[in-house]
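In our numbering, the protein residues as written are 137 to 730.
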């Protein structure tokens, strides 16, 4: 086993892929229809087609993080993480019946406007701040993931790669808006899926077929699906993966401005639901390919682990190493894979940059501008915001190296903020009695609690106090220079129960669950005890999920409509009475004297 590198054909195809992405951005930035308003820049003028929007949604949620981290997770920790393929189906029902109809009914440019309509503008400001801060921290991880892979296959400096590719992405996102992002994502994801599928088939054949893969995985103790251990501190169990990933998917797809923006960019609600269905199907396909690739990689290196013998810096580099190993006989395939891997990561970056520009502009800047300027120069301001946030994210790449594996990074970064926000959306849409005080209390307490857990967890990861043992790794099949006969390598791990408080060892998969549930547990009682007599009449029915409308059709939900109707009828009745009195008075005054 030797270090592997791209050929000149691979480099040409790699450069060609990103040249096409640049061309898309330049076309929509300078030659397509002008993007003057916020709706043009953020929603593509609401004229986007279903399939490219669905492809863009898959690309932005797949990203280089998933492509790298999922195979590495299966390779090191076994198949329990494959249960994540069940969660998008559950998520689809929740998004379709609870969240999507409300956002579509309100037709908001930023979904955080919901909080101002349902509760108060202070809740909107808090949510916007959380989303902005979370993604300023999260985006460097998105950039870091493909840079790590490219470093493995080329040897180029990791940080230099990250900076160059990020600047490229910032450029086409800034000038092209949503249309450029969607079509670039579609192109990039198509190449990625084709390349992954081809490598998947080649890898299966190279290790002797599916039977051989399963047999070696069983011998290496990788096959495990039904671990029902209820201990929340265990990294992967049936419960942590199913429950945790379901809440994670709902927060990513149902209540994230970046993905909701896609649903609102198509012409109708039925089109938005088609986008959701296509997204779920394609996501399932990519998840299955990524997870099963982990088993294929293990079957390939079951007797000579490339991590143990020092062929890579981090376990997350195992997939690009494997791809170069099995695909080096076909010129250009490795280059397409590297380009696709980078492309999916940059599609996530471009998606969130585009969404963040809308959040920052609409929630923090627009209100301070003259009305004419705010309307006519919206896209210009958002382009500037996109560039600034992108450059800030690039500058933060240099601290990512020491913060654990990519799976751990994703779990901790999203855990502190997405849970409280999901809880606030759920509270507003499912509980008509929820009010501003309850939402505010729930979000703030949940955020404070999760921030402490996340910071303590990362401190312990940084200091090496928490380490997760992997499944056995073998090197007995390596060549004589590397071989240590029949060697089994199980990474040393500190027993966290002896050194770290249990609360800081809770599985990262539960972070969004805890944040959501805590927000509801605090917010609903506060709302109940601070509910005013007229609270029901203050709830706009459009802010409540149709699911609740059907369940409570004769109750408080329609109170506002009934109240308004009665109020109008009363006013009309009073007007009629007043008019009648005036007419009677006028009539009496006009009667002739007899």
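From the three backbone atoms N, C-alpha and C, an ideal C-beta is built for every residue, glycine too.
Cut-off 6 Å between Cβ atoms - residues of its own chain near residue 658, not counting five sequence neighbours on either side: Position 522 of the chain shown, counted from the first residue, corresponds to residue 658. So the list reads 577, 578, 581, once near-sequence residues are dropped.
Assumed close pair residue 318, residue 479 - CB separation to whole angstroms, cut-off 8 Å: Locating residue 318 in the chain shown gives position 182, counting from the first residue. Locating residue 479 in the chain shown gives position 343, counting from the first residue. That belief does not hold up - the Cβ atoms of residue 318 and residue 479 are roughly 13 Å apart, past 8 Å.
Buried versus exposed, by CB contacts within 10 Å (16 or more), residue 361: For the purposes of this step, residue 361 is taken as the residue at position 225 of the chain shown. Residue 361 should be labelled exposed.
Three-state secondary structure assigned by DSSP to residue 609: Sequence index remark: in the chain shown, residue 609 carries index 473 (1-based). Strand.
Whether residue 225 touches residue 520 by CB criterion (9 Å): Within the chain shown, residue 225 is the residue found at index 89, counting from 1. Within the chain shown, residue 520 is the residue found at index 384, counting from 1. No, the Cβ-Cβ distance between residue 225 and residue 520 is not below 9 Å.
Sequence-distant residues of the same chain with beta carbon closer than 6 Å to residue 332, five excluded per side: Against the chain shown, residue 332 aligns to sequence position 196. Same-chain partners within the cutoff: 425.
Buried or exposed by the 16-neighbour rule on C-beta atoms within 10 Å, applied to residue 506: Start at 1 with the first residue of the chain shown, and residue 506 comes out as number 370. Label assigned to residue 506: exposed.
Uninterrupted alpha helix (DSSP H) stretches inside the region 340–422 (no shorter than 4 residues): 346–355, 374–385, 393–399
Range of the contiguous alpha helix (DSSP H) that encloses residue 639: Counting from 1 along the chain shown, the entry for residue 639 is found at position 503. Premise fails: residue 639 is in no alpha helix (DSSP H) and is neither H nor E.
Rounded distance between the beta-carbons of residue 640 and residue 380, thought under 8 Å: Taking the chain shown and counting its residues from 1, one reaches residue 380 at position 244. Taking the chain shown and counting its residues from 1, one reaches residue 640 at position 504. Contact flag wrong, Cβ pair sits at about 17 Å.
Alpha-carbon to alpha-carbon, residue 553 and residue 86: Residue 86 falls outside the range modelled here, since the chain spans only 137 to 730, and no answer is possible.
Among 383, 471, 232, 162, the one whose alpha carbon lies nearest that of residue 683: As a first step, residue 683 is located in the chain shown; it is residue number 547 there, counting from the start. That would be 232, whose Cα lies nearest to the Cα of residue 683.
Whole-number beta carbon distance between residue 442 and residue 454, since they are thought to touch under 8 Å: Position 318 of the chain shown holds residue 454. Position 306 of the chain shown holds residue 442. 7 Å between Cβ atoms; contact.
Where residue 163 sits in the DSSP three-state scheme: Start at 1 with the first residue of the chain shown, and residue 163 comes out as number 27. In this structure, residue 163 counts as helix in the three-state DSSP scheme.
Reduced DSSP category for residue 220 - H, G, I as helix; E, B as strand; rest coil: Numbered from 1 along the chain shown, position 84 holds the residue referred to as residue 220. Of the three classes helix, strand and coil, the one that applies to residue 220 here is helix, per DSSP.
Residue range of the unbroken alpha helix (DSSP H) whose run includes residue 475: Within the chain shown, the letter at position 339 stands for residue 475. Unbroken alpha helix (DSSP H) run through residue 475: 469–496.
Three-state secondary structure assigned by DSSP to residue 568: On the chain shown, residue 568 is found 432 positions in, with the first residue counted as 1. In this structure, residue 568 counts as coil in the three-state DSSP scheme.
Cα-Cα separation between residue 349 and residue 341, rounded to whole angstroms: Counted from its first residue, the chain shown places residue 349 at position 213. Counted from its first residue, the chain shown places residue 341 at position 205. Their Cα atoms are separated by approximately 10 Å.
Through-space distance from residue 587 to residue 697, alpha-carbon basis: Mapped onto the chain shown, residue 697 falls at position 561. Mapped onto the chain shown, residue 587 falls at position 451. In this prediction, residue 697 scores a pLDDT of 46, lower than 50, which makes its location untrustworthy; no coordinate-derived value is stated.
Range covered by the alpha helix (DSSP H) that runs through residue 656: Looking up residue 656 in the chain shown gives position 520. First-last of the alpha helix (DSSP H) with residue 656: 647–665.
Neighbourhood of residue 253 by C-beta, 7 Å cutoff - its chain only, sequence neighbours within 5 removed: By 1-based counting over the chain shown, the position of residue 253 is 117. Counting only Cβ-Cβ distances below 7 Å, and skipping sequence neighbours, we find 242, 676, 679.
Local Cβ density within 10 Å of residue 681, reported as buried at 16 or more and exposed below that: Taking the chain shown and counting its residues from 1, one reaches residue 681 at position 545. So residue 681 ends up on the buried side.
Beta-carbon proximity list for residue 396, same chain, < 7 Å, skipping 5 on both sides: Within the chain shown, numbered from 1, the residue matching residue 396 stands at position 260. Same-chain partners within the cutoff: 239, 247.
Contact under 9 Å by Cβ, residue 151 with residue 429: The sequence position of residue 151 within the chain shown is 15, counting from 1. The sequence position of residue 429 within the chain shown is 293, counting from 1. Contact flag unset, no.
C-alpha gap between residue 221 and residue 378, whole angstroms: Counting from one through the chain shown, the residue named residue 221 turns up at place 85. Counting from one through the chain shown, the residue named residue 378 turns up at place 242. Between residue 221 and residue 378, the C-alpha separation is close to 9 Å.
Unbroken alpha helix (DSSP H) run spanning residue 604, endpoints: Counted from its first residue, the chain shown places residue 604 at position 468. Element bounds for residue 604: n/a, residue is neither H nor E.
Run of the alpha helix (DSSP H) containing residue 461, from where it starts to where it stops: Here residue 461 refers to the residue found at position 325 when the chain shown is read from its first residue. Residue 461 -> alpha helix (DSSP H) spans 454–463.
6 Å CB neighbourhood of residue 206 in its chain, flanking five on each side removed: As a first step, residue 206 is located in the chain shown; it is residue number 70 there, counting from the start. Cβ neighbours of residue 206 beyond the five flanking positions: 426, 427.
Buried/exposed call for residue 300, threshold 16 Cβ in 10 Å: Indexing the chain shown from 1 puts residue 300 at position 164. Per the 10 Å Cβ criterion, exposed.
Same chain only: Cβ atoms within 7 Å of residue 394, ignoring 5 sequence neighbours per side: Position 258 of the chain shown holds residue 394. Contacts found: 196, 487, 488, 491.
Outcome for residue 403 when other beta-carbon atoms lying within 10 angstroms are tallied against a minimum of 16: Translated into the one-based positions of the chain shown, residue 403 becomes position 267. The residue in question, residue 403, is exposed, as its Cβ has fewer than 16 Cβ neighbours within 10 Å.
Straight-line Cα distance separating residue 607 from residue 212: The residue you call residue 212 lines up with position 76 of the chain shown. The residue you call residue 607 lines up with position 471 of the chain shown. Approximately 6 Å, taken between the alpha carbons.
Three-state secondary structure (DSSP) of residue 595: The residue given as residue 595 occupies position 459 in the chain shown. Helix.
Anticipated Cβ contact below 8 Å, residue 339 with residue 436, distance rounded: Here residue 339 refers to the residue found at position 203 when the chain shown is read from its first residue. Here residue 436 refers to the residue found at position 300 when the chain shown is read from its first residue. The Cβ separation is near 7 Å, so the contact holds.
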